[in-house]
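K.L.:
Numbered according to the working numbering, the sequence shown spans residues 4 to 337.
The structure follows.
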Amino acid sequence: MKVIQIGMGGMGNAWIGAVNRSSDVEFAGFVEVNSEIAQAQCQQYGFDASTVYTSLEEALENLEADGVINVTPPQFHKPTSFVAMDAGIPVLCEKPLAGTLEDAQAIVNKANETGVLCTITQNYRYSQVAQTVKSILDSGDLGAVGAINVEFYKGPHFGGFREEMPHPLIIDMSIHHFDMMRFFLDSNPSQIFARTWNPSWSWFDGDASASVNIQFENGIPVTYTGSWCAQGMETPWNAHWRFDCAKGVFSVEDDVVYIQRLTGVVDGSSQHEDKQVVELVSMERQAQDYLLHEFYEAVTQGKSTGTPAQDNIHTVEFVFNVVKSADSDEIVTL
Ligand SMILES: NC(=O)c1ccc[n+]([C@@H]2O[C@H](COP(=O)([O-])OP(=O)(O)OC[C@H]3O[C@@H](n4cnc5c(N)ncnc54)[C@H](O)[C@@H]3O)[C@@H](O)[C@H]2O)c1
């Protein structure tokens, strides 16, 4: 299967790596509007510079492709994915589906009208840690989930669009954690209350810290606290998670999954087994490799993907309703 990659910048490297590792997918060519980046990447990876175009329309006139990987910044997802879908070419698009809820809905409408696949790269779902959490939840081993607590602290100095956008933490990063919540719980939020702020030392223009209370449709409450300007004690990108369940607790700390089962109550005190490390589920492929293979099977064998635009719109709605709550200082009911 041949793909055109649109955008050869930062995250473009991850997709170039995934395609280069794949035995099923190869590059037909690229679209990149920045000639310096195009040139540097062609040199770095040994690509033929004549296969790099400055628009997808031009690339499609000159190249045979079965799919498009869209790695442009969010505001360009709609125009570029539209060109692909109008030409009948399936799209694997980086998160977020689009830069605004309106654009995201327009992409869903376009996918429905054309019947062309547009699937979103929620790669955080496809790690061993996330899949292990999902398998514990699906097993029902610890009984009902009563509450979930998530803590995320990082201090990345990216430069570029993230440091200028409003709500960089929520829109560009927490979207992964919110999507993981939807994945873990098979449910969507019904109520959201968010506060966001920017610490005095923040190097972001927009609010880089947040505290969010989410009620899911299935009744489970989640509390989320996060910061992109933490000055120490950082968590992994996956965040730290605690799941309080009827028959015990399990957690994710520093990408290790722990479980502690309740054994009973003696003399008014809860008794527990020792906290144990849970062996991670094995996966043939993870993250971009998983998603690329899933896209390949969808395009060549008609299989469905886990995160099509039609489902991913709920993750985008989640994100923008967190923003709405933070901006209005009000509870948002969905
Ligand atoms: N899934 C993840 O973990 C993850 C991580 C980082 C970034 N991302 C996402 O990847 C996307 C790209 O982010 P990035 O960090 O690579 O940004 P970037 O700015 O580093 O790279 C984007 C590239 O796209 C090019 N570009 C812009 N408009 C274009 C157009 N119309 N046609 C062709 N090329 C165009 C730019 O010149 C640039 O080279 C964003 O949606 C971002 O949210 C996802």
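Even for Gly, the Cβ is constructed at its ideal location relative to N, Cα and C.
Computed from a prediction, not measured in an experiment: that's the story for all the values here.
Is lysine 98 near ligand 1, going by C-beta to nearest heavy atom under 7 Å?
P.N.:
It does: the Cβ of lysine 98 is within 7 Å (strictly closer) of some heavy atom of ligand 1.
K.L.:
Can you confirm whether the region 211 to 230 touches the region 130 to 150 when touching is taken to mean that 3 or more C-beta pairs between the two stretches lie within less than 8 Å?
P.N.:
They touch, by the three-pair rule.
K.L.:
Would you check whether ligand 1 has a heavy atom nearer than 7 Å to the C-beta of isoleucine 9?
P.N.:
Checking the Cβ of isoleucine 9 against ligand 1 gives yes.
K.L.:
Quick one: grab the DSSP three-state call for threonine 228.
P.N.:
Strand.
K.L.:
Could you check if glutamate 167 belongs to the surroundings of ligand 1, using beta carbon to heavy atom distance under 7 Å?
P.N.:
No, the Cβ of glutamate 167 stays beyond 7 Å of every heavy atom of ligand 1.
K.L.:
Heavy atom of ligand 1 less than 7 Å from the Cβ of aspartate 189, yes or no?
P.N.:
Aspartate 189: no, Cβ never under 7 Å from ligand 1.
K.L.:
So, is valine 132 buried or exposed, given that buried needs 16 or more other C-beta atoms within 10 angstroms?
P.N.:
Buried.
K.L.:
Count the other CB atoms within 10 Å of the CB of aspartate 257; is the residue buried (16 or more) or exposed (fewer)?
P.N.:
Exposed, by the Cβ-count rule.
K.L.:
With respect to 7 Å, is the separation between the Cβ of proline 76 and the closest non-hydrogen atom of ligand 1 below this value?
P.N.:
It does: the Cβ of proline 76 is within 7 Å (strictly closer) of some heavy atom of ligand 1.
K.L.:
Nearest by alpha-carbon distance to lysine 278: which of Glu35, Tyr129, Val259, Trp200 is it?
P.N.:
The candidate whose alpha carbon is nearest that of lysine 278 is Val259.
K.L.:
By alpha-carbon positions, which one of Ala109, Ala41, Ser190 ends up nearest to tyrosine 56?
P.N.:
It is Ala41.
K.L.:
Could you tell me if the beta carbon of aspartate 330 falls within a distance shorter than 7 Å of some heavy atom in ligand 1?
P.N.:
No, ligand 1 has no heavy atom inside 7 Å of this Cβ.
K.L.:
Straight-line CA distance for isoleucine 195 to alanine 31?
P.N.:
Cα to Cα, isoleucine 195 sits roughly 44 Å from alanine 31.
K.L.:
Once you ignore the five residues that flank valine 302 on each side, which residues in its own chain have a CB closer than 8 Å to its CB?
P.N.:
Correct list, in chain order: Met4, Asp69, Gly70, Pro93, Leu120.
K.L.:
Rounding to the nearest angstrom, what Cα-Cα distance links asparagine 112 and methionine 176 in this structure?
P.N.:
Using only the alpha carbons, I get a separation of about 25 Å.
K.L.:
What is the C-beta distance between alanine 211 and leucine 172, in whole angstroms, given that I count them as a contact (C-beta under 8 Å)?
P.N.:
About 5 Å separates the two Cβ atoms, so the contact holds.
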